[in-house]
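Below: one structure, written as structure tokens.
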Amino acid sequence: MTTRNLLDHALMFAGFGLAVFPVSRPIRTSTGLRCNCGRQNCPSPGKHPDGRLAPHGFKDASASSETLARWFGKGPTNIGIATGSVSGIFVLDVDERHDGFSSLATLEREHGALPQTWRFLTGGGGEHILFRHPEATVRNSAGALGRGLDVRGDGGYIVAPPSLHISGREYAISVDHHPDDVALSEAPAWLLRLLQAAPSAKSPAKPIVSWRETVRSGIADGSRNQTLTRIAGHLVGKSVDPHVCLELLLSLNSRRCKPPLPEEEVCQLLKSILLRERYKRSGRRIGGAADV
Ligand SMILES: [Zn+2]
Numbered sequence: 001m002t003t004r005n006l007l008d009h010a011l012m013f014a015g016f017g018l019a020v021f022p023v024s025r026p027i028r029t030s031t032g033l034r035c036n037c038g039r040q041n042c043p044s045p046g047k048h049p050d051g052r053l054a055p056h057g058f059k060d061a062s063a064s065s066e067t068l069a070r071w072f073g074k075g076p077t078n079i080g081i082a083t084g085s086v087s088g089i090f091v092l093d094v095d096e097r098h099d100g101f102s103s104l105a106t107l108e109r110e111h112g113a114l115p116q117t118w119r120f121l122t123g124g125g126g127e128h129i130l131f132r133h134p135e136a137t138v139r140n141s142a143g144a145l146g147r148g149l150d151v152r153g154d155g156g157y158i159v160a161p162p163s164l165h166i167s168g169r170e171y172a173i174s175v176d177h178h179p180d181d182v183a184l185s186e187a188p189a190w191l192l193r194l195l196q197a198a199p200s201a202k203s204p205a206k207p208i209v210s211w212r213e214t215v216r217s218g219i220a221d222g223s224r225n226q227t228l229t230r231i232a233g234h235l236v237g238k239s240v241d242p243h244v245c246l247e248l249l250l251s252l253n254s255r256r257c258k259p260p261l262p263e264e265e266v267c268q269l270l271k272s273i274l275l276r277e278r279y280k281r282s283g284r285r286i287g288g289a290a291d292v
């Protein structure tokens, strides 16, 4: 992916009225892809705001071609789009790993098919479905509409094509749902109704049952770091003492991970979550903490 192509996409999104900002990007190292923020165990590789370019993350998002040229014209940087009224959009985020597509199919069977609108394929196998922002505030939520269905609204953002995902795949615009060919649609009334009814997810609520499934079933190679990181985030978010967190994670690692991760890696992932939490609580943005 060339820098030129990234800049072209950023400018195209800006041309559609979307506010864009730079996001961290995975880079190739001798041991595989790693987040360019340089942190050993970045909790959100290739997905958090690039604090070196945009210290206030999505709040710095812009549609000015000069700013975009400065951000995206110099070297490969992932593209974030601020969601909500600032860009006139909200996004239904379908997460394939958590059965988002089947949850969406269930909703469509019950309420009717979604209208034709812009769709972006995420590098993780999911899909971002974009809708025109309604006049009312759209809250961010995770799993409130169904398992694997998140909403990115006011105060949220998405990583946009042609960013590079940590899996090595690129985000892409769905060929049948390209902004050049298809209009951005309003969300159907049933979806807006469900959004209003959905609980706000300031701390992205994960149903208790799904935590139980996670710790009871084995954690397979390929998802070990990610799953233990999520569990660490859950525990740290509940203010569990860091030493207790570490003991629990090490024990889960040796009992449930197939095969267990090196203990050092478990310590590192907990450390990055603790750092993230510290910055969150001190009101600073992850992107600004890239040098920690
Ligand atoms: Zn990072």
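Residues in the sequence shown are numbered consecutively from 1, following UniProt numbering.
Idealized CB from N, CA, C, for every residue including glycine.
Among I231, D181, T77 and T31, the one whose alpha carbon lies nearest that of L6: Position 6 of the sequence shown, counting from 1, holds the residue named residue 6. Minimum Cα distance to L6 is reached at T77.
Starting from the Cα of A160, find the closest Cα among H48, Q116 and H234 and give me that residue. As a working mapping, residue 160 is identified with position 160 in the sequence shown. The shortest Cα separation from A160 among H48, Q116 and H234 belongs to H48.
For residue 305, is the classification buried or exposed, using 16 other Cβ atoms within 10 angstroms of its Cβ as the cut-off for buried? This structure cannot settle anything about residue 305, because the visible part of the chain is limited to 1 through 292.
From S185 to A144, what distance separates their C-alpha atoms? Within the sequence shown, the letter at position 185 stands for residue 185. Within the sequence shown, the letter at position 144 stands for residue 144. So the two alpha carbons sit approximately 22 Å from each other.
Are the Cβ atoms of A82 and F21 separated by less than 8 Å? As a first step, residue 82 is located in the sequence shown; it is residue number 82 there, counting from the start. As a first step, residue 21 is located in the sequence shown; it is residue number 21 there, counting from the start. The answer is yes: Cβ separation under 8 Å.
Residues in its own chain within less than 6 Å of R132 by CB, not counting five upstream and five downstream? Here residue 132 is taken as the residue at index 132 of the sequence shown, counted from 1. Excluding positions up to five away in sequence, the list reads L184 and E186.
Would you say the beta carbon of C37 comes nearer than 7 Å to a heavy atom of ligand 1? Along the sequence shown, read from residue 1 onward, the residue named residue 37 stands at position 37. Yes, the Cβ of C37 comes within 7 Å of a heavy atom of ligand 1.
Report yes if the C-beta of P55 is less than 7 Å from at least one heavy atom of ligand 1; otherwise report no. By one-based count along the sequence shown, residue 55 stands at place 55. No, ligand 1 has no heavy atom inside 7 Å of this Cβ.
Taking only heavy atoms of ligand 1 into account, decide whether any of them is closer than 7 Å to the Cβ of C42. Reading the sequence shown from its first residue, position 42 is the one you call residue 42. C42: yes, Cβ under 7 Å from ligand 1.
What would DSSP say about S203, mapped onto helix, strand or coil? To locate residue 203, count along the sequence shown from 1; it is residue 203. Note that S203 has pLDDT 46, beneath the 50 cutoff, so the model's placement of it is unreliable and the number below is only indicative. Three-state result, S203: coil.
Taking 7 Å as the cut-off, does the CB of H174 come closer than this to any heavy atom belonging to ligand 1? Along the sequence shown, one-based indexing puts residue 174 at 174. Reading the sequence as shown, one finds Ser at residue 174 and not His. Not so, every heavy atom of ligand 1 lies at least 7 Å from the Cβ.
With DSSP as the reference, please indicate the residues paired to I81 in a beta bridge. Position 81 of the sequence shown, counted from the first residue, corresponds to residue 81. In DSSP, I81 forms a bridge with V20 and I158.
Between S24 and ligand 1, is the CB less than 7 Å from at least one heavy atom? Your numbering for residue 24 matches position 24 in the sequence shown. Yes.
Secondary structure of I166, DSSP reduced to three states: As a working note, residue 166 is residue 166 in the sequence shown. In the structure shown, I166 sits in coil (DSSP, three-state: anything other than H, G, I, E or B).
Tell me whether P45, by its Cβ, gets closer than 7 Å to a heavy atom of ligand 1. Walking along the sequence shown from the start, residue 45 turns up at place 45. Yes.
Would DSSP call D8 helix, strand or coil? Here residue 8 is taken as the residue at index 8 of the sequence shown, counted from 1. Correct three-state label for D8: helix.
Quick check: does the Cβ of H48 come within less than 7 Å of any heavy atom belonging to ligand 1? The count along the sequence shown starts at 1 and reaches residue 48 at position 48. Within the cutoff, so yes.
Across the stretch 123-139 and the stretch 48-61, are there enough close Cβ pairs to call them in contact, namely three or more that are closer than 8 Å? no
Residues near C35 in its chain [Cβ-Cβ closer than 7 Å; skip 5 each side]: Taking the first residue of the sequence shown as 1, we reach residue 35 at position 35. Excluding residues within five positions, the ones whose Cβ falls inside 7 Å are S24, P26, C42, P45 and G46.
What do you get for D180, buried or exposed, if any count of 16 or more other CB atoms within 10 angstroms of its CB means buried? Counted from its first residue, the sequence shown places residue 180 at position 180. Looking at its Cβ environment, which holds fewer than 16 other Cβ atoms inside 10 Å, D180 is exposed.
Suppose you measure from the CA of I231 to the CA of W118; what does that come to, to the nearest Å? Working through the sequence shown from its first residue, we reach residue 231 at position 231. Working through the sequence shown from its first residue, we reach residue 118 at position 118. Near 33 Å, if we compare the C-alpha coordinates of W118 and I231.
Residues bridged to G32 [DSSP beta-bridge criterion]: Position 32 of the sequence shown, counting from 1, holds the residue named residue 32. Its beta-bridge partners are T29.
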